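Everything in the sequence shown is counted per the working numbering, starting at 5 for the first residue and increasing by one. Notes to accompany the following structure.
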Amino acid sequence: MIRPRAALLVLLVAVAAGALTLTAGPIPLPVGGRVRAAPASARDSCTNCHDGLGGRLAVPAENIPYDAHTRSELRCAGCHGGDPTRVGMDAHDPAAGFRGKPRYEQIPQFCGRCHGDPAFMRRFNPSLPTDQLARYLTSQHGQRLAKGDLRVAVCISCHGVHPVRPVNEGTSPVFSTNVPATCARCHSDTARMKPYGIPTTQFAEYRESVHG
């Protein structure tokens, strides 16, 4: 049996290495291909419209300036498809590749469309790994997700969403010093861990250790 502290250290190393990010091998491309970089001057009806919707539908528009993708000129349509130069529901035209919000179990492949393509990722940051999806799929989270367990972590569980912060910024949940607390959001939850028989004291023990 793996001791709790050892188990946590293994998990921390996996996350720090990018095992929970996502990216991967051959993934079918949606209509319109991969993410498109939009010039700063391009009209973006997505944020204009969502700003006025209020509530949870306005949150993405409010947070998009802080998103790592936006800083690389990759905006809403890059991930969600559609035509940001059109307004209202016309922007959601499936013929323009509109994909909308993926189902929870689709998220690793959704992100992996781009993050698993070395040539594409090299345009933005040559140092970014592109094997995270493959590694995720072989992890406990990935294997259980494949069996239909929707309680396990996917990319956004650790990296967040709207905004996805750059991993080298202190505000990112996967910034090196934030990783333990990010893992603990799930792994310290006794009700969530009960079906798996996993102890929930690892984070507390880690904080008391020389590493913590």
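Cβ coordinates follow ideal geometry from the N, Cα and C atoms, glycine included. If you're wondering where the values come from, they're calculated on a predicted model, not measured in any experiment.
Excluding the 5 residues preceding and the 5 following GLY216 in the sequence, name in chain order all residues of the same chain whose CB lies nearer than 6 Å to its CB.
For the purposes of this step, residue 216 is taken as residue 212 along the sequence shown, with counting starting at 1. Within the same chain, GLY216 has close Cβ partners TYR210.
Taking the runs of the alpha helix (DSSP H) that are 4 residues or longer, which of them lie wholly in the segment 65-94?
72-75 and 80-84
May I ask which residues mark the beginning and end of the alpha helix (DSSP H) holding PRO184?
Position 180 of the sequence shown, counted from the first residue, corresponds to residue 184. 183-191 is the extent of the alpha helix (DSSP H) around PRO184.
What would DSSP say about PRO98, mapped onto helix, strand or coil?
Within the sequence shown, residue 98 is the residue found at index 94, counting from 1. Residue state, collapsed to three classes: helix.
Below 7 Å CB to CB, which residues in the same chain sit around GLU109 once its five sequence neighbours on both sides are set aside?
For this step, residue 109 is matched to residue 105 along the sequence shown. Here the set comprises LEU149 and LEU154.
Opening and closing residue of the alpha helix (DSSP H) in which GLN136 lies:
Reading the sequence shown from its first residue, position 132 is the one you call residue 136. For GLN136, the enclosing alpha helix (DSSP H) covers residues 136-142.
In this structure, how does DSSP classify THR175 when only helix, strand and coil are distinguished?
The residue labelled residue 175 in the question sits at position 171 within the sequence shown. If DSSP states are grouped into helix, strand and coil, THR175 belongs with coil.
Own chain partners of SER176 with C-beta closer than 7 Å, once the 5 adjacent residues on each side are dropped
Here residue 176 corresponds to residue number 172 of the sequence shown, with the count starting at 1. Only ARG169, PRO170 and ASN182 meet the Cβ criterion.
Give every residue of the same chain whose Cβ lies closer than 6 Å to the Cβ of ARG196, excluding the five residues on either side of it in the sequence, and list them in chain order.
On the sequence shown, residue 196 is found 192 positions in, with the first residue counted as 1. CYS190.
Assuming ARG79 contacts PRO88 under a Cβ cut-off of 8 Å, what Cβ separation, rounded to an integer in Å, is found between them?
Taking the sequence shown and counting its residues from 1, the one referred to as residue 79 is at position 75. Taking the sequence shown and counting its residues from 1, the one referred to as residue 88 is at position 84. The Cβ separation is near 7 Å, so the contact holds.
Through-space distance from PHE128 to ALA81, alpha-carbon basis:
In the sequence shown, residue 81 corresponds to position 77, counting from 1. In the sequence shown, residue 128 corresponds to position 124, counting from 1. Between ALA81 and PHE128, the alpha-carbon positions lie close to 17 Å from each other.
Put GLY164 into one of helix, strand or coil per three-state DSSP.
Locating residue 164 in the sequence shown gives position 160, counting from the first residue. GLY164 falls in the coil class under three-state DSSP.
Collapsed DSSP secondary structure at LEU132 in the structure displayed
Mapped onto the sequence shown, residue 132 falls at position 128. If DSSP states are grouped into helix, strand and coil, LEU132 belongs with coil.
In or out: ASP71 buried (at least 16 other Cβ within 10 Å) or exposed?
Translated into positions along the sequence shown, residue 71 becomes position 67. Its Cβ being crowded by 16 or more others within 10 Å, ASP71 is buried.
First through last residue of the alpha helix (DSSP H) which encompasses GLU212
Here residue 212 is taken as the residue at index 208 of the sequence shown, counted from 1. Taken as a continuous stretch (DSSP letters only), the alpha helix (DSSP H) holding GLU212 covers 206-212.
Thinking just about the alpha-carbon of each residue, which of ASP97, HIS163, GLU77 and LYS151 is nearest to the one in GLY85?
Counting from one through the sequence shown, the residue named residue 85 turns up at place 81. Per the Cα distances, ASP97.
If we ignore side chains and look at the alpha-carbon of each, how far apart do LYS198 and CYS53 end up?
The count along the sequence shown starts at 1 and reaches residue 198 at position 194. The count along the sequence shown starts at 1 and reaches residue 53 at position 49. The straight-line gap from Cα to Cα measures roughly 42 Å.
Considering just the uninterrupted stretch of the alpha helix (DSSP H) at PRO122, what are its terminal residues?
For the purposes of this step, residue 122 is identified with residue 118 of the sequence shown, where counting begins at 1. Residues 122-126.
Which same chain residues end up closer than 7 Å to SER192 when comparing Cβ atoms and leaving out the 5 residues on each side of it in sequence?
Counted from its first residue, the sequence shown places residue 192 at position 188. Cβ neighbours of SER192 beyond the five flanking positions: THR204 and PHE207.
ARG117 (DSSP reduced to helix, strand or coil)
Residue numbering aside, residue 117 sits at position 113 when the sequence shown is read from its first letter. DSSP, read as helix, strand or coil, puts ARG117 in helix.
Which same chain residues end up closer than 7 Å to VAL214 when comparing Cβ atoms and leaving out the 5 residues on each side of it in sequence?
Position 210 of the sequence shown, counting from 1, holds the residue named residue 214. Cβ within range, chain order: n/a, list empty.
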